[in-house]
Structures are given as structure tokens and as C-alpha cells.
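Notes to accompany the following structure.
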Ligand SMILES: [Zn+2]
């Protein structure tokens, strides 16, 4: 291309500053412009350096800041019913034991999810998804884990697949069949056998999940049980991630790291040896301040150690009906700063490039660079730090998914 051959673009965006989040830093381009072809960024830089171009559409943003589209890398967005009734009961003085006796807690979500049709699951999850999208999310991970039988887990994963086709959002699906014990099993090892022999092979055969997840905790599954389940996932070519060290230290994070887990999530109780294992395996630390807040936890994840070992920290909503009914990733960015003392820059990296890595998609998503997918948001703010500063509010000026206003 010679200097007088115009650069051909599907769309050109200009009139705002950009925090590209390259390498996890703001990496600011002031008075920026971005050119898009076939949903990918082909040019990005200061507007004054733009070469001669021809664009099918031009968008003048008239101020604000562009960041990569937000990536919510840990959600349980698909579920039947909700637990607002229990929330209200508890605040009216009904005890946890009484609620459990009534069949409340996760058991009630499992029952409601099993009872719901796929269409009902899609309809309720879509409403929650639209809240996330309105606050800047362009990629969302959705876990199964309230089905706990082959049929119901597949129903949840099918619902997640369908949602990804209906909305301008990228959906990554995770099979979390090892979330809790289903009522028809009373032996945890027997349930893990069932997952390894029946559920995971079918999930792999159908290509209906992008990763496999487990809840490793005293109230869920032991490190040995999860290791057995991960070994099967690994043999089927499915990457793994883990809910670990949320309430106690069982060694789940180090075990998951030995499987090169994409991420270890919650991790309030990890120790230095766990952080070292994560650094060596390239496992992302996914911080979930919404669950920490809702459960009134006091043990914070060891942020200084994660920084020291260079473990990337992602932030997610953990949107779920029990422990984190959170529908704004930006609010979680605020909480990561106020509760865990992340900087606003770390917090934004946690909802963009590091979240992309937690989903194994950092080569194509999570930062604004030539060759990457043009998922971005233009925010009505005067600095990128404002995204972690405001509690709520509607700051999105323009949400762009694969190069198109959405
Ligand atoms: Zn979770």
C-alpha cells in the first residue's frame, strides 16, 4: 500500500481517548482513532496520525474514554427461580437452619432449575444478561451446576449456548457439574464416578462446554475428588478452572495448577506456595468481591503476594442466586478497590485483559490492539479510573460488539 492508496475500513471511530489495557496497563492513546474491518481492529493510534482512509461508516464520539468491552469471566447466570424470598426471610429473623429445613439454599436452586424448561431458563438469564451488557459487558462466562444430572446440566449448557446466539455478546460455557451433591446421591465418590463416566464424556462429545469447573471445599468436594474429575476433563481435552480456598485451605488451588488450570477463583485462603504454583502454571486469580461482601467474609485474598509473583488478577460478578446476586461488573470493580485495595488500573485490567486470560481468549480479546476483536465501550467519563470510582450509575455512551454499535 502506497501512501496515496486509502486504507479501506468498515468503520472508523474517533473523538475519544483510549485506555487500550495492553499488558494490563491503561496504555493510553489520547485523541485516538480506531479502524475496523470484519469486526477486527486494523488501525489504532492518535487521530492526527491516521493515514488516508475510506470508511463505510464514521463515528464521532464527542469525548469520553474507550476501553475494551468488559469481560465477566465467572457467572452462574442460568438458573431457575431466585432466592430473594430467603433473603427476605433471613432479614425477618428466620434462621438458616429453618430455611434449610424448608428445602432452601442451593437445593432450592437445583430444584427450580430442574423444574424449569430450557426456554424459561433462557428468558430469566436473558434479563440478567441484559443488565450486565448495559453496564459494558461484551463477553460473559456462564456455568452450569444447578442441574447435577446429565439431562439438567445439558439443558443449562444448551441455554447458555442459545443466549450467545440471541445477543451481541460472546458466551463461554463452563460445565460445573461438580458444584454440589444432587439429592439422588448420598456418596460423593459415587457422584464423581458418575460425572467421570457419564456426564463429562457426553459434554465433550457434544462440544457444549469450553471448560470444566468444580467446587473444592468442605461443603462440596475434596481435593482428591476434584483431581479425579479434572483428570477425566484433561483426557477429554477440556481445560479446567476451580472454585477453591473460599472458606478454608484444602490445597485445591495448587492441585488445579498442576492441571494448568485457566483460573482459580475466590482464593481468599491461598498461601504463598499456592501463589507460586499459580505463577508457574499461568493460572489466573479470579477475585469475586460480590460473594465476599454478601457472605460478610473477613479473610481477604493475598493481593500483595499475587502482585509479588506476577499472577494476573481478574474480577468477576459470580452472579448467582445465593451468594452473589450481582448484575454489574463495574460495581465489582469498585468493590475490588474498596474491599481488596486493588488500584483502579488493576481493577480495569481484571475486567478486561486478565479476564480474557481466565477464559483462554487473551489472544483475541481483552485489549485494544491491531488484530484483536473490536469489542469496546465508550464511557461518559473523564478518566478511566472513574469506572471503578462510581457506585452504580449509567456510564455507557456506546457499546460496540465485533465492530458494530449494539
Ligand atoms: Zn461461582
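Residue numbers (the UniProt record's numbering): 1 to 406.
Every residue gets a Cβ at the ideal spot worked out from N, C-alpha and C, and that includes glycine.
The structure presented is a predicted model; accordingly, all values stated were derived computationally and were not measured.
Integer Cβ distance of residue i from residue j, believed to fall under 8 Å
i           : j           : result
residue 265 : residue 288 : 6 Å
residue 131 : residue 258 : So it is not a contact: roughly 37 Å between Cβ atoms.
residue 336 : residue 315 : 5 Å
residue 253 : residue 227 : The pair is not a contact, with the Cβ atoms about 12 Å apart (cut-off 8 Å).
residue 32  : residue 41  : 11 Å between Cβ atoms; not a contact.
residue 113 : residue 167 : No, residue 113 and residue 167 are not in contact; Cβ-Cβ is about 21 Å, not under 8 Å.
residue 261 : residue 283 : 5 Å
residue 69  : residue 136 : 7 Å
residue 375 : residue 365 : 6 Å
residue 125 : residue 159 : 6 Å
residue 22  : residue 347 : The Cβ separation is near 17 Å, so there is no contact.
residue 150 : residue 202 : 6 Å
residue 351 : residue 71  : 6 Å
Exposure of residue i, with buried meaning 16 or more beta-carbon neighbours within 10 Å
i           : result
residue 189 : exposed
residue 318 : buried
residue 186 : exposed
residue 231 : exposed
residue 308 : exposed
residue 296 : exposed
residue 88  : exposed
residue 16  : buried
residue 170 : buried
residue 415 : Coverage of the chain is limited to positions 1 through 406, which leaves residue 415 absent and any answer about it impossible.
residue 370 : exposed
residue 211 : buried
residue 245 : buried
residue 300 : exposed
residue 56  : exposed
residue 298 : exposed
residue 165 : exposed
residue 117 : exposed
residue 96  : exposed
residue 91  : exposed
residue 183 : exposed
residue 75  : buried
residue 323 : buried
residue 52  : exposed
residue 349 : buried
Among the options, the one whose alpha carbon lies nearest that of residue i
i           : options            : result
residue 102 : 7, 86, 401, 302    : 86
residue 377 : 156, 59, 213       : 59
residue 206 : 390, 154, 82       : 154
residue 330 : 54, 227, 67        : 67
residue 325 : 53, 128, 270       : 128
residue 239 : 106, 229, 246, 347 : 229
residue 208 : 405, 192, 175, 134 : 175
residue 338 : 223, 292, 133      : 292
residue 386 : 322, 163, 270, 334 : 334
residue 256 : 247, 242, 248      : 242
residue 361 : 140, 120, 99, 121  : 140
residue 223 : 249, 237, 198, 199 : 249
residue 120 : 105, 162, 100, 99  : 162
residue 306 : 320, 321, 290, 280 : 280
residue 320 : 263, 106, 20       : 106
For residue j and residue i, the rounded distance between their alpha carbons
i           : j           : result
residue 214 : residue 391 : 31 Å
residue 27  : residue 372 : 16 Å
residue 312 : residue 93  : 41 Å
residue 218 : residue 268 : 15 Å
residue 142 : residue 64  : 30 Å
residue 235 : residue 48  : 52 Å
residue 459 : residue 8   : In this structure the chain extends from 1 to 406, so residue 459 is not present and cannot be described.
residue 36  : residue 18  : 15 Å
residue 395 : residue 134 : 9 Å
residue 156 : residue 233 : 18 Å
residue 358 : residue 388 : 20 Å
residue 400 : residue 363 : 19 Å
residue 196 : residue 177 : 10 Å
residue 77  : residue 251 : 27 Å
residue 10  : residue 138 : 20 Å
residue 50  : residue 62  : 18 Å
residue 84  : residue 147 : 20 Å
residue 353 : residue 24  : 6 Å
residue 5   : residue 12  : 17 Å
residue 356 : residue 73  : 7 Å
residue 332 : residue 220 : 25 Å
residue 343 : residue 403 : 29 Å
residue 123 : residue 144 : 16 Å
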